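Inspection log for the structure reproduced underneath, given as structure tokens.
In the working numbering, the protein residues as written are 15 to 170.
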């Protein structure tokens with residue numbers, strides 16, 4: 015191969031942009047609560063939480079990013095889509111508590127779907143804003159899986 019072609023090939027390869035690295039799930043605990051969260055490269059943050067260490071069970075989701083662009087006092091319907099299956103939630107100011115029993119089961123079903131998925135990512139859709147966000151499923155099992163179910167199982 016002529017030297018000019020080698021140099022040209024090296025120049026092309028050196029100028030190729032690096033692929034974006036997916037963020038990983040992390041889990042945290044404190045004051046009777048456990049939460050699993052994932053960030054994305056757009057600055058979004060998705061949190062699933064369960065507070066079972068108090069008399070009142072608290073669970074739900076927290077969204078930062080696209081959800082912050084919605085009116086703060088008005089409920090925003092969101093859909094978490096995993097492997098084509100939609101899990102609906104309502105958030106206000108980015109906070110989506112699952113107070114009703116049916117909503118808690120939706121959260122549990124979402125956690126189980128995230129654990130079972132073999133996809134690389136999942137999507138959160140904001141129909142009224144005509145926007146969506148993609149999040150990685152990289153190491154989701156490390157963050158959501160518990161010995162007897164998921165981190166939200168105690169909040170059912």
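We put the CB at the ideal spot given by N, CA and C, even for glycine.
All values derive from a computational prediction rather than experimental measurement.
What's the call for residue i, buried or exposed, on a 16-neighbour Cβ count within 10 Å?
| i | result |
| --- | --- |
| residue 74 | buried |
| residue 32 | Summary for residue 32: the model assigns pLDDT 46, below 50, so the residue's position carries little reliability; its value from the coordinates is reported in the next sentence. By the 10 Å Cβ count, residue 32 comes out exposed. |
| residue 110 | buried |
| residue 115 | exposed |
| residue 87 | exposed |
| residue 112 | buried |
| residue 157 | buried |
| residue 81 | buried |
Using only the alpha-carbon positions, how far apart do residue i and residue j sit?
| i | j | result |
| --- | --- | --- |
| residue 41 | residue 53 | 12 angstroms |
| residue 47 | residue 127 | 22 angstroms |
| residue 65 | residue 169 | 7 angstroms |
| residue 61 | residue 139 | 15 angstroms |
| residue 151 | residue 124 | 13 angstroms |
| residue 143 | residue 76 | 17 angstroms |
| residue 130 | residue 108 | 26 angstroms |
| residue 165 | residue 118 | 12 angstroms |
Less than 8 angstroms separating the beta-carbons of residue i and residue j?
| i | j | result |
| --- | --- | --- |
| residue 58 | residue 79 | yes |
Legend entry - Unbroken stretches of the beta strand (DSSP E), 3 residues or longer, contained in the region 108–148: 109–111 and 135–140
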